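K.L.:
Encoded as structure tokens, here's the structure I'll be asking about.
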Amino acid sequence: MRKVVNAIFYILRAGCSWRMMPDDLPACLTVYSYFQRWQRKGIWQKIHSVVRCLRRQATQLRQLEDCNPLNLSKYN
Numbered sequence: 003m004r005k006v007v008n009a010i011f012y013i014l015r016a017g018c019s020w021r022m023m024p025d026d027l028p029a030c031l032t033v034y035s036y037f038q039r040w041q042r043k044g045i046w047q048k049i050h051s052v053v054r055c056l057r058r059q060a061t062q063l064r065q066l067e068d069c070n071p072l073n074l075s076k077y078n
């Protein structure tokens, strides 16, 4: 399953067509069928929402650390 996810990320990152995937990845029809199935089930949207939430929390945490008057680490 990890190889399928890696193949989907490869397609998204490279911007190439499904049939242009390297030979060391699973078959393009297999990868595409998983992508479509997960798309229909809303899994990609759920992943996107979780990642967006985690990133927002990390940004807020960094902002709080920057506002902490006792945070002298940036002056060392």
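Numbering-wise, the sequence shown is residues 3 to 78 according to the working numbering.
Even for Gly, the Cβ is constructed at its ideal location relative to N, Cα and C.
Please read all numbers here as calculations on a predicted model, not as lab measurements.
State the Cα-Cα distance for the pair Pro-24 and Ser-35, rounded to the nearest angstrom.
P.N.:
Against the sequence shown, residue 24 aligns to sequence position 22. Against the sequence shown, residue 35 aligns to sequence position 33. Roughly 17 Å between the two C-alpha positions.
K.L.:
What are the start and end residues of each continuous alpha helix (DSSP H) run of 4 or more residues lying completely inside the segment 13-46, in chain order?
P.N.:
30-42
K.L.:
Relative to the alpha-carbon of Pro-28, which residue among Trp-46, Arg-64, Thr-61 and Ala-9 has its alpha-carbon at the smallest distance?
P.N.:
For the purposes of this step, residue 28 is taken as residue 26 along the sequence shown, with counting starting at 1. The residue among Trp-46, Arg-64, Thr-61 and Ala-9 with its C-alpha nearest the C-alpha of Pro-28 is Ala-9.
K.L.:
When you compare only the Cα positions, how much space is there between Arg-15 and Arg-64?
P.N.:
Along the sequence shown, one-based indexing puts residue 15 at 13. Along the sequence shown, one-based indexing puts residue 64 at 62. Arg-15 and Arg-64: Cα-Cα distance of roughly 28 Å.
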